[in-house]
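Asks: One structure coming up, written as structure tokens, with questions to follow.
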Amino acid sequence: MIMTVHVQEDLFDLQDITQQLKKLHNSGASVTFEGYVRDFDPGHERLDFLELEHYPGMTEKALLSIESLARNRWYLDDVYIVHRYGKLNVGEPIVGVVVFAKHRKEAFEACHFIIDFLKTDAPFWKKEITNQQSYWVDAKKIDDEEKNKWN
Amino acid sequence: MKIKLFYFAKVREVLGIDREEIDVETDIKTLAELIAFLKLRGSQWQSIFDMSSSYRMAVNQELVEASHTINANDEVAFFPPITGG
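This is the structure:
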């Protein structure tokens with residue numbers, strides 16, 4: 001099986017991607033997760049935009065390894081993972097995950113698993129820029145807890 | 152032995168460097184020993200490496216712990232806890 005992940009500066013259209021992938025499989029279900037740039041973070045100024053840094057090379061490896069873990073754990077027809085980097089405006093998508101499977105349970109669980117692992121294992125860092133200042137976003141303890149639930 | 156070092160995000164900004172290649176004594180066998188060596192460079196380096204909660208490590212693009220062994224030509228990276236997604 002050939003797995004590919006998509007790490008890009010450009011916008012993506014997850015609905016279109018899902019429709020294209022649906023044609024390739026005789027799946028019974030798909031589950032989609034899409035994450036967007038929020039316009040606020042508690043205790044901070046209103047956000048102007050986000051800068052997302054990553055570790056080229058390791059990012060792709062980490063995402064492929066997460067996809068592989070999911071495919072070993074559930075029987076899946078297809079997995080699509082896309083993550084952006086660079087300058088991202090409020091409201092734009094940051095990350096997309098689409099999972100196709102024969103049944104809803106596998107699709108729901110695998111999609112949830114992939115986004116939880118991506119949050120702690122894929123080397124991306126967010127910097128928030130407001131009209132006053134810029135600051136690196138702190139990692140959240142809950143992200144580790146959510147991932148560890150899968151063990 | 153020669154190793155490549157990469158720094159990302161806040162770690163890169165605090166240290167003022169994004170990458171370097173260094174030649175370390177072969178008695179440095181683990182990441183923990185490499186970190187002790189890097190801390191001798193000054194207060195900025197200590198500020199990053201004094202708190203284990205403020206950084207994470209990868210060797211050859213895989214997340215690892217400080218006890219991980221390093222070898223010649225390894226690619227070692229230091230960066231803050233991950234905040235993608």
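Top to bottom, those sequences are chains A and B. Anchor point for the first sequence: position 58 equals 58 in the working numbering, and the numbering is continuous, going up by one each time. Convert by adding 151 to the 1-based position in the second sequence; the result is the number in the working numbering. For every residue, glycine included, the Cβ atom is placed at its ideal position computed from N, Cα and C.
1. Nearest by alpha-carbon distance to A:L88: which of A:E9, A:I2, A:L69 is it?
2. Any chance the segment 94-111 of chain A sits against the segment 31-41 of chain A, with 3 or more Cβ pairs inside 8 Å?
3. Please list the terminal residues of the continuous beta strand (DSSP E) segment that includes B:E208.
4. Cβ of B:K155 less than 8 Å from any chain A Cβ?
5. Let me check understanding here. Comparing Cα to Cα, which of A:V5, A:I2, A:H44, A:V37 lies closest to A:T130?
6. What are the partner residues of A:T32, as DSSP defines its beta bridges?
7. Counting contacts by CB-CB distance shorter than 8 Å, is B:F159 in contact with chain A?
8. Quick one: measure Cβ to Cβ for A:V163 and A:D121, integer angstroms, because I've assumed they're closer than 8 Å.
9. Shortest alpha-carbon distance to A:E92 belongs to which of A:V7, A:I2, A:D13?
10. In whole angstroms, give me the CA-to-CA distance for A:Q15 and A:Y80.
11. Name the chain B residues that come within less than 8 Å of A:F124, Cβ to Cβ?
12. Indicate whether B:K153 and B:A209 have their beta-carbon atoms separated by less than 8 Å.
13. Should A:A122 be listed as close to the ligand FAD, given that the test is whether its C-beta is under 7 Å from any heavy atom?
14. In whole angstroms, what separates the C-alpha of A:W136 from that of B:G167?
15. List the residues of chain B whose Cβ lies closer than 8 Å to the Cβ of A:A139, in chain order.
16. Considering only the beta carbon of each residue, do A:Y85 and A:V7 sit closer than 8 Å?
17. Would you mind working out which of A:I2, A:L118, A:A139 sits nearest A:V82, comparing C-alpha positions?
18. Would the segment 194-214 of chain B count as touching the segment 158-178 of chain B if we require 3 or more Cβ pairs under 8 Å?
19. Can you list, in chain order, the residues of its chain whose CB lies under 6 Å from that of A:A70, leaving out five sequence neighbours each side?
20. Name the chain A residues that come within less than 8 Å of B:A223, Cβ to Cβ?
21. Could you tell me whether the Cβ of B:Q212 comes closer than 8 Å to any Cβ of chain A?
22. Given a cut-off of 8 Å, decide if B:K155 and B:V227 are closer than it, judged by their beta-carbon atoms.
23. So what's A:K149 in DSSP terms, helix, strand or just coil?
24. What's the C-alpha gap between B:A237 and A:L63?
Replies: According to the data block:
1. A:E9
2. yes
3. It is Met, not Glu, that sits at residue 208 of chain B in the sequence shown. For B:M208, the enclosing beta strand (DSSP E) starts and ends at 207-210.
4. no
5. A:H44
6. A:V98
7. yes
8. It is not possible to answer for residue 163 of chain A, since the shown part of chain A is limited to 1 through 151.
9. A:E92 has its Cα closest to that of A:D13, out of A:V7, A:I2, A:D13.
10. Near 12 Å, if we compare the C-alpha coordinates of A:Y80 and A:Q15.
11. I233, T234, G235, G236
12. Taking 8 Å as the Cβ cut-off, B:K153 and B:A209 do not qualify as a contacting pair.
13. For the ligand FAD, the structure offers nothing, since it holds no ligand at all.
14. 15 Å
15. P231, P232, I233, T234
16. yes
17. A:L118
18. yes
19. In its chain, beyond the 5 residues on either side, A110, F113, I114 have a beta carbon closer than 6 Å to the beta carbon of A:A70.
20. Result: empty, since nearest Cβ-Cβ is about 19 Å, beyond 8 Å.
21. yes
22. yes
23. coil
24. This structure cannot speak to residue 237 of chain B, because chain B is shown only from 152 to 236.
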